[in-house]
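Just so we're on the same page, our numbering is the position in the sequence shown counted from 1, plus 652.
Positions of the beta carbon are idealized from the N, C-alpha and C atoms, including for glycine.
Only a predicted model underlies this, so the values are computations on that prediction, with no experimental measurement involved.
I have placed the structure first, in the form of structure tokens, so that the comments after it can refer back to it.
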Amino acid sequence: MSFLSDLFQFIEKGGWVAYVLAVLTLGLWYAMGFRFFYLRSKQIDIPPRQAAQDGKIEGEDLLSEALFRIKNLAGQSLSDLELAFHLETTRFIQKINEQRQWIRSIVVVAPLLGLLGTVIGMIETFDSLQDQALFSQSGGIAGGISQALITTEMGLVVAIPGLLIGRYLDRRQEEMLDYLEQFKHQILSLKGSV
Numbered sequence: 653m654s655f656l657s658d659l660f661q662f663i664e665k666g667g668w669v670a671y672v673l674a675v676l677t678l679g680l681w682y683a684m685g686f687r688f689f690y691l692r693s694k695q696i697d698i699p700p701r702q703a704a705q706d707g708k709i710e711g712e713d714l715l716s717e718a719l720f721r722i723k724n725l726a727g728q729s730l731s732d733l734e735l736a737f738h739l740e741t742t743r744f745i746q747k748i749n750e751q752r753q754w755i756r757s758i759v760v761v762a763p764l765l766g767l768l769g770t771v772i773g774m775i776e777t778f779d780s781l782q783d784q785a786l787f788s789q790s791g792g793i794a795g796g797i798s799q800a801l802i803t804t805e806m807g808l809v810v811a812i813p814g815l816l817i818g819r820y821l822d823r824r825q826e827e828m829l830d831y832l833e834q835f836k837h838q839i840l841s842l843k844g845s846v
């Protein structure tokens with residue numbers, strides 16, 4: 653329980669900007685968890701050619717579902733199969749991109765909010781210099797500088813992991829889209845050779 657009380661005290665020292673950053677942190681981790689959940693797949697370990705020929709589609713993830721639906725249409729005409737690929741790829745991209753924009757926006761906004769908190773903290777520092785006598789200024793100065801540094805730190809702590817994990821998830825998305833495209837070519841080549 654001490655950790656939570658320390659965390660809330662830390663956020664409280666950062667002022668209202670720190671509360672906004674705390675909420676953004678929760679939103680960021682939710683969005684990244686959502687994307688990670690949809691970008692997991694065991695199917696990528698099976699070569700697309702083998703999956704197309706053997707019909708070996710494993711897992712209950714988004715990619716496997718798309719491949720399974722496409723594989724079930726393999727007996728259809730070439731134009732129906734191409735349409736199915738287009739529809740499944742579009743559906744797949746829409747689903748995995750749902751939280752992508754939120755992640756990118758939070759990663760960009762968090763350091764700016766941290767900077768805003770820095771400016772607010774420094775304004776409070778200068779106000780305390782102006783309003784207080786020389787002997788009582790140290791408390792106001794320290795509080796303003798502390799607020800400035802806390803929000804700067806929080807903005808960076810939110811943005812840096814979000815940026816790194818977001819890039820990893822983007823690479824994972826590209827791998828899955830490449831796999832889907834390779835699977836498409838394998839199915840179409842099998843269809844053409846029949």
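- One alpha carbon belongs to residue 746, the other to residue 754, and they sit about 14 Å apart.
- Burial check for residue 771: the Cβ neighbour count within 10 Å stays below 16, so the residue is exposed.
- The segment 748-765 makes no contact with the segment 655-667, as fewer than three CB pairs between them are under 8 Å.
- Going by beta carbons, residue 713 and residue 743 fall outside the 9 Å limit.
- Excluding residues up to 5 positions away in sequence, 759, 762, 763 lie with their Cβ nearer than 7 Å to the Cβ of residue 811 in the same chain.
- In this structure, the alpha-carbon of residue 730 lies about 7 Å from that of residue 840.
- Per DSSP, residue 691 lies in no alpha helix (DSSP H) segment and is marked neither H nor E.
- One thing to note: residue 796 has its Cβ within 9 Å of the Cβ of residue 777.
- A Cβ-Cβ separation of about 26 Å leaves residue 757 out of contact with residue 665 under the 8 Å criterion.
- With respect to the 9 Å criterion, residue 802 and residue 660 are not classified as neighbours on the basis of their beta carbons.
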